[in-house]
Amino acid sequence: MPLAPFRLVGVLHLPPLPGAVNYAGVPVSAIAERAAEDAAALVAAGFTHVMVQDASDMPQAVRVDAPTVAALAVVGAAVTRAVDVPVGVVVGHNDGPSAVAIAHAIGATFVRVKVLTGVSVGPTGWIEGCAHDVATMRRRLGADVEVWADVHEATSLALTGSPAWAAKEAHDFGLADVLVVTRDSGVADALDDIERLRAVADVPFVVGGRVTLDTIDDAVRRSDGVVLGSAIKRSSAPDARIDPETAARFGRALDTTGHRA
Numbered sequence: 634m635p636l637a638p639f640r641l642v643g644v645l646h647l648p649p650l651p652g653a654v655n656y657a658g659v660p661v662s663a664i665a666e667r668a669a670e671d672a673a674a675l676v677a678a679g680f681t682h683v684m685v686q687d688a689s690d691m692p693q694a695v696r697v698d699a700p701t702v703a704a705l706a707v708v709g710a711a712v713t714r715a716v717d718v719p720v721g722v723v724v725g726h727n728d729g730p731s732a733v734a735i736a737h738a739i740g741a742t743f744v745r746v747k748v749l750t751g752v753s754v755g756p757t758g759w760i761e762g763c764a765h766d767v768a769t770m771r772r773r774l775g776a777d778v779e780v781w782a783d784v785h786e787a788t789s790l791a792l793t794g795s796p797a798w799a800a801k802e803a804h805d806f807g808l809a810d811v812l813v814v815t816r817d818s819g820v821a822d823a824l825d826d827i828e829r830l831r832a833v834a835d836v837p838f839v840v841g842g843r844v845t846l847d848t849i850d851d852a853v854r855r856s857d858g859v860v861l862g863s864a865i866k867r868s869s870a871p872d873a874r875i876d877p878e879t880a881a882r883f884g885r886a887l888d889t890t891g892h893r894a
């Protein structure tokens, strides 16, 4: 399925899954049903893409084990059956190969990889780039899956202070199809970075978070997409469900720009 000119991406933050330390025993079938319902709500609100993430598994592993992969595949398959828009997968803190395998199995369109190239420091320690493993998995499976790579992702600290280097390496070495930019200092700084980074890599640039209803119009004008997670949930709980009305307000904001597919 071709991607929309502007990517309005809604993230489903799943409850803790089997394999996680904090898994509470919720049946995977129930998690899958809930995810499918929330995905449908996002599409009804005008979102062009849906992303599935094991965001509530704590403490989060850099690479996940088989139970989590299996659960994410079941949940992701329910989502791809429920909606007719591109679906993405993000796994663990940096499990790009598992994300590619799951996406290929369920017919998803893209994966997000937090540290595709370079090295970052996170709560678990060193997080090394996984570009070779991701590329190998794509080739082994013949996976027609886009790789969305973060440029200095927000939940770890990159050892290089140069976003330009990170963007160039993610694109040239890591073969990223889309680059994701997030700044804790705010959306305006992320958009300024995107304008500078367009000279480094000729790919779409997506704002990876921190977007609000006050900044969505600017993000639509100056980027190729936004990823919305916490901003469209019913509460601040890590696994809170999608708030359809809030999601619809973002969808209506996109309507006013003329960028809808």
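Counting in this note's numbering, the sequence shown runs from 634 upward without gaps.
Just so it is clear, CB atoms sit at the ideal spot from N, CA and C, and this is done for glycine as well.
| Item | Value |
| --- | --- |
| DSSP bridge partner residues for Gly-858 (one or two, in chain order) | Arg-640 |
| For Ala-711 and Val-859, the rounded distance between their alpha carbons | 24 Å |
| 8 Å CB neighbourhood of Leu-830 in its chain, flanking five on each side removed | Val-784, Pro-796, Ala-797, Ala-800, Leu-812, Val-814 and Phe-838 |
| Proximity winner among Ala-673, Thr-879, Ala-768 and Gly-807, relative to Val-683 (alpha-carbon distances) | Ala-673 |
| Cβ neighbour criterion (16 or more within 10 Å) applied to Glu-828 | exposed |
| Delimiting residues of the alpha helix (DSSP H) encompassing Arg-714 | 699-715 |
| Spatial neighbours of Phe-680 in its chain, beta-carbon cut-off 6 Å, leaving aside the 5 residues before and after | Leu-641 and Gly-643 |
| Rounded separation between Gly-807 and Ala-768 - CA only | 8 Å |
| Contact set for Val-833: own chain, Cβ-Cβ below 6 Å, skip 5 residues either direction | Ala-797, Ala-800 and Lys-801 |
| Alpha-carbon to alpha-carbon, His-765 and Leu-774 | 14 Å |
| Given His-607 as reference, the closest of Ala-776, Ala-873, Ala-809 and Gly-755 once Cα atoms are compared | With the chain represented from 634 up to 894, any question about residue 607 goes unanswered, as that position is not in the structure. |
| Separation of His-804 from Arg-714, as counted between CA atoms | 31 Å |
| Proximal residues to Asp-888 (C-beta, below 8 Å), its chain only, five neighbours per side dropped | Gly-679 |
| Integer Cβ distance of Val-730 from Pro-651, believed to fall under 8 Å | Strictly speaking, residue 730 in this sequence is Pro, with Val absent from that position. Rounded, the Cβ-Cβ distance is 19 Å, inconsistent with contact. |
| Local Cβ density within 10 Å of Gly-658, reported as buried at 16 or more and exposed below that | exposed |
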